[in-house]
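Data block below; observations after.
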Amino acid sequence: MRHAVITAGTKGLGKKVTEAFLQNGYSVSITYFKDEHAVEKLKEEWKESLHKIAFFQGDITDKSFIKQVVTKTMERFGRIDCLINNAGPYIFERKKLVEYTDEEWEYIINGNLNSVFYFLKEVIPIMRNQHFGRIVNYGFQGANSSSGWIYRSAFSAAKVGLASLTKTIAYEEAEYGITSNMICPGDIAGEMKEASIAESKGREDTRKTPIGRSGTGEDIARLILFLCNENSDLLTGDVIEITGGLDVIHKHRHLPINDAK
Numbered sequence: 007m008r009h010a011v012i013t014a015g016t017k018g019l020g021k022k023v024t025e026a027f028l029q030n031g032y033s034v035s036i037t038y039f040k041d042e043h044a045v046e047k048l049k050e051e052w053k054e055s056l057h058k059i060a061f062f063q064g065d066i067t068d069k070s071f072i073k074q075v076v077t078k079t080m081e082r083f084g085r086i087d088c089l090i091n092n093a094g095p096y097i098f099e100r101k102k103l104v105e106y107t108d109e110e111w112e113y114i115i116n117g118n119l120n121s122v123f124y125f126l127k128e129v130i131p132i133m134r135n136q137h138f139g140r141i142v143n144y145g146f147q148g149a150n151s152s153s154g155w156i157y158r159s160a161f162s163a164a165k166v167g168l169a170s171l172t173k174t175i176a177y178e179e180a181e182y183g184i185t186s187n188m189i190c191p192g193d194i195a196g197e198m199k200e201a202s203i204a205e206s207k208g209r210e211d212t213r214k215t216p217i218g219r220s221g222t223g224e225d226i227a228r229l230i231l232f233l234c235n236e237n238s239d240l241l242t243g244d245v246i247e248i249t250g251g252l253d254v255i256h257k258h259r260h261l262p263i264n265d266a267k
């Protein structure tokens, strides 16, 4: 049985990814920060599969926590085939770089870039020994070309750095049967993060894209599952956008700062 480690996998986009892996026969290790209610809800929904699930509460910027996740996962399941770096701290308030505090900047960089480095250091040796591994990181539309993202300087800087790291790992680890890719979700908000594709069709209250429906968590989970397939080894070092044709990063480009908040 293949095993996936999914950060922030109890709710939002991460929950749909967790469900996709479970539905396809994987066992999973899931990290979460604080939301015990989301954990209990997931346990109830998957009570017949709890023998295949391990939950870990902690901060992904804490190196000791990451070591604990990997060590205990190996003790219980004996392998790690997929690492899905779904967790990514985000500051919703729109503000320019000079308005960020040092603490906010470090919070975003540590949560979106450094934490992935810590996980890779722990997991890649395991995947090398298996001669198989699938790594999936999350970015944003334009990360592949280092696009500037107005009012999102810290987040965009971290994710552009992660895009480069994603490609570097793809080159360095290809000989060991390890692939590394980045996916870039579009404007998937609120309840649509845990929605199915069927639920997004025909709704008037969801954010629109040129294709006529909102993106969903299922859209993201389907692509991740495909990238993790053993026959998807030709896909590595890629940055794939899932936006439905929507220009996400320029939505607020021409808005004054006070109007954009």
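First residue of the sequence shown? That's 7 in the working numbering, and the numbers climb one at a time after it. The C-beta atom is built at its ideal place from N, Cα and C for all residues, glycine as well. Computed from a predicted model, the values in this text were never measured in an experiment.
Whether residue i touches residue j by CB criterion (8 Å)
i	j	result
glycine 223	alanine 195	no
isoleucine 217	valine 23	no
glutamine 147	threonine 77	no
valine 11	valine 75	yes
glycine 221	glycine 251	no
leucine 56	lysine 49	yes
isoleucine 255	aspartate 225	no
tryptophan 52	leucine 19	no
Residues near residue i by beta carbon distance below 7 Å, same chain, minus five either side
i	result
valine 45	Thr16, Tyr38 and Phe61
alanine 176	Thr185, Ser186, Thr242 and Gly243
phenylalanine 125	Ile72, Leu89 and Asn91
tyrosine 96	Phe161
threonine 67	Asn116, Gly117, Asn120 and Ser121
phenylalanine 232	Ser238
8 Å Cβ shell around residue i - same chain, five flanking residues per side excluded
i	result
leucine 261	In this prediction, leucine 261 scores a pLDDT of 46, lower than 50, which makes its location untrustworthy; the coordinate-derived value is nonetheless stated afterwards. Hits under 8 Å: none found.
aspartate 239	Gly183 and Thr185
serine 206	Met198, Thr212, Arg219, Ser220, Gly221 and Thr222
Residues bridged to residue i [DSSP beta-bridge criterion]
i	result
glycine 139	Ile184
leucine 89	Val11 and Ile141
valine 245	Met188
threonine 37	Phe62
Contacting residues, own chain, Cβ-Cβ under 6 Å from residue i (five flanking each side not counted)
i	result
asparagine 91	Thr13, Val122 and Asn143
phenylalanine 83	His9 and Ser33
isoleucine 246	Ile189
methionine 133	Gly139 and Ile184
Residue i beta carbon near the ligand NAP (any heavy atom closer than 7 Å)
i	result
glutamate 54	You won't find the ligand NAP in this model; it holds no ligand whatsoever.
**Segments of 4+ residues assigned as alpha helix (DSSP H) that fall wholly inside the region 10-35** = 18-29
**Asked** Does the count of Cβ pairs from the region 27-34 and the region 105-113 closer than 8 Å reach three?
**Response** no
**Asked** Just checking, does the region 181-194 make contact with the region 137-151 on the three C-beta pairs under 8 Å criterion?
**Response** yes
**At least 3 beta-carbon pairs within less than 8 Å: the region 118-136 vs the region 147-167** = Yes, they touch.
**Request:** Kindly provide the ranges of any alpha helix (DSSP H) runs that are 4 or more residues long and lie completely inside the region 180-219, ordered along the chain.
**Result:** 203-206
**Request:** Write down every uninterrupted run of the alpha helix (DSSP H) in the region 71-129 whose length is 4 residues or greater and which is fully enclosed by it, in chain order.
**Result:** 108-115
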